[in-house]
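So that you can map any letter, position 14 of the sequence shown is 407 in our numbering, and since no number is skipped, the others follow by simple counting.
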Amino acid sequence: MSLLRHDRGVGGVARAYWSQVHPVFMLPPVAASLFGAILAGDGAGTATTTATAVHAVAIFAAVYTAHLKDGYVDFHVRGEDDDHPLTERGCRVGLVASSALFALCCLLLWELAGWLAVALTVPTWGIAYLHAPQLDTNPLTATTGYPLGIALAILGGYAVQTGTVSGVALGFALVFLVLLTGIKVVDDAQDYDYDRSIDKITVAVRVGPARAHRVAYGLMATALVVVVALAVSQIFPPTAVLAALAFAAVALVARRAEPELATMLLVRGSYVFLAVLVAAVWFQPLSRLGI
Numbered sequence: 394m395s396l397l398r399h400d401r402g403v404g405g406v407a408r409a410y411w412s413q414v415h416p417v418f419m420l421p422p423v424a425a426s427l428f429g430a431i432l433a434g435d436g437a438g439t440a441t442t443t444a445t446a447v448h449a450v451a452i453f454a455a456v457y458t459a460h461l462k463d464g465y466v467d468f469h470v471r472g473e474d475d476d477h478p479l480t481e482r483g484c485r486v487g488l489v490a491s492s493a494l495f496a497l498c499c500l501l502l503w504e505l506a507g508w509l510a511v512a513l514t515v516p517t518w519g520i521a522y523l524h525a526p527q528l529d530t531n532p533l534t535a536t537t538g539y540p541l542g543i544a545l546a547i548l549g550g551y552a553v554q555t556g557t558v559s560g561v562a563l564g565f566a567l568v569f570l571v572l573l574t575g576i577k578v579v580d581d582a583q584d585y586d587y588d589r590s591i592d593k594i595t596v597a598v599r600v601g602p603a604r605a606h607r608v609a610y611g612l613m614a615t616a617l618v619v620v621v622a623l624a625v626s627q628i629f630p631p632t633a634v635l636a637a638l639a640f641a642a643v644a645l646v647a648r649r650a651e652p653e654l655a656t657m658l659l660v661r662g663s664y665v666f667l668a669v670l671v672a673a674v675w676f677q678p679l680s681r682l683g684i
């Protein structure tokens, strides 16, 4: 049986599997893994750069599994998508390969970083594999799956370096969980009419688009307030406030935009938010001046 529905040859196989790499949604989890390692800072123990790289690959494999499984379910099972480059067999082969890569990374992490890093990494594959069709039909799990994966990537990246999880790491993980959950609610609202027609219960379908947007921006505002509060209390670096201000500016613009544009702005804004936090943690310029 063929792996491909349209293309042929080795090049076609490579193109088909590469088509399941979606940088917009795959880069943030990998970046979150690296952010966790940066957050460890001077607390890093005997873990090596190799362990950090292995954790980042594990997170990539988990997210790739999610996209491949989601495409398989939406096209071959539900018939929602118009096309897909892989046959059912091709999807299953890809899922086995990505899951095997993830398992290999976990075995390496056990040797390189210890059990806690593995314990925080394994659930990311579970969230990825079960996203469709199990978790994406419930408004809570459908909305929080991706944000929870990001939070676990931060904690896992931190644990790879230190063998522990600190309050600071938990604080950053919580902030991203809440902020990205808000963004996901806005994203899901784009498909309100379609999701309602197929009885897919998202937050927007459950409470209505207008109330869903209020919930979404309330969650995002809560996350930003937490960042400022923890920065003022010197748990986060003081310059983390700049990340909150940058995202708040984007959110104010996005709130007046239509759903598709709002989602694009908020997703890009989350990249800026993460980038500024990375700089705040890595350089901590104000702390060096004694502020």
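Heads up, the beta-carbon is just placed ideally off N, CA and C, and yes, glycines get one too.
None of these values were measured; they are calculated from a predicted model.
Contact belief for residue i with residue j at Cβ below 8 Å, rounded distance in angstroms
i    : j    : result
G429 : A521 : With 8 Å as the limit, G429 and A521 do not qualify as a contact, their Cβ atoms being about 18 Å apart.
A515 : C499 : Per the sequence shown, the amino acid found at residue 515 is Val instead of Ala. About 6 Å; that satisfies the 8 Å criterion.
A609 : V571 : Rounded, the Cβ-Cβ distance is 11 Å, inconsistent with contact.
V665 : P630 : Wrong, their Cβ atoms sit about 16 Å apart, outside the cutoff.
A647 : L638 : Not a contact, Cβ separation roughly 15 Å.
A409 : L479 : 5 Å
L505 : T441 : 7 Å
Beta-carbon proximity check, residue i vs residue j, cutoff 9 Å
i    : j    : result
A425 : I594 : no
A644 : G662 : yes
L548 : G538 : no
G434 : G507 : no
V596 : R589 : no
P421 : L617 : no
Euclidean distance between Cα positions of residue i and residue j
i    : j    : result
F565 : P526 : 29 Å
V406 : L397 : 7 Å
T517 : E481 : 24 Å
T439 : L513 : With a pLDDT of 47 at T439, under the threshold of 50, the predicted position of this residue should be treated as unreliable, though the coordinate-derived value follows. Their Cα atoms are separated by approximately 18 Å.
A603 : V553 : 42 Å
A454 : R649 : 36 Å
S626 : G550 : 24 Å
A642 : I576 : 15 Å
I431 : I591 : 43 Å
V423 : V450 : 8 Å
L573 : M613 : 8 Å
G436 : I628 : Because G436 sits at a pLDDT of 46, beneath the cut-off of 50, its placement in the model cannot be relied upon, and the point is left open.
G611 : A636 : 17 Å
L359 : A582 : Any answer about residue 359 is impossible in this case: the structure gives the chain only from 394 up to 684.
P540 : E651 : 23 Å
S680 : V669 : Note on S680: pLDDT 49, under 50, position unreliable in the model; the coordinate value appears next. In a straight line, the C-alpha of S680 is about 16 Å away from that of V669.
T530 : R607 : 22 Å
G519 : D584 : 25 Å
G683 : A624 : Residue placement at G683 cannot be trusted, given a pLDDT of 46 that sits under 50; what the coordinates show is reported in the next sentence. Roughly 15 Å separates the two Cα atoms.
R401 : D476 : 16 Å
V403 : V558 : 44 Å
G472 : V466 : 8 Å
G560 : F676 : 20 Å
Residue range of the unbroken alpha helix (DSSP H) whose run includes residue i
i    : result
A566 : G560 to A582
V596 : V596 to V600
I452 : T442 to Y465
V515 : W508 to L523
E653 : P652 to F676
Identity of the residue in the options nearest residue i by Cα
i    : options                   : result
L501 : T574, A444 and L635       : A444
A701 : D463, A614, Q413 and E651 : The structure shown does not extend to residue 701, since the chain is modelled only from 394 to 684, so the question has no answer here.
L523 : Y457, L654, P421 and Q583 : Y457
Y587 : G611, R401, D474 and V558 : D474
V489 : V600, M657, W503 and A459 : A459
G483 : L623, L509 and S412       : S412
L563 : V619, V466, R471 and H606 : V619
T615 : L494, D400 and V568       : V568
V417 : L494, I452, W503 and M657 : M657
L494 : V466, V447, V470 and W503 : V447
S491 : S395, I452, H469 and G472 : I452
A672 : H399, M419, S395 and L427 : L427
L654 : D580, L420 and H399       : D580
Proximity test, residue i beta-carbon vs the ligand SAM heavy atom, cut-off 8 Å
i    : result
L570 : Looking for the ligand SAM in the displayed structure turns up nothing, as the structure carries no ligands at all.
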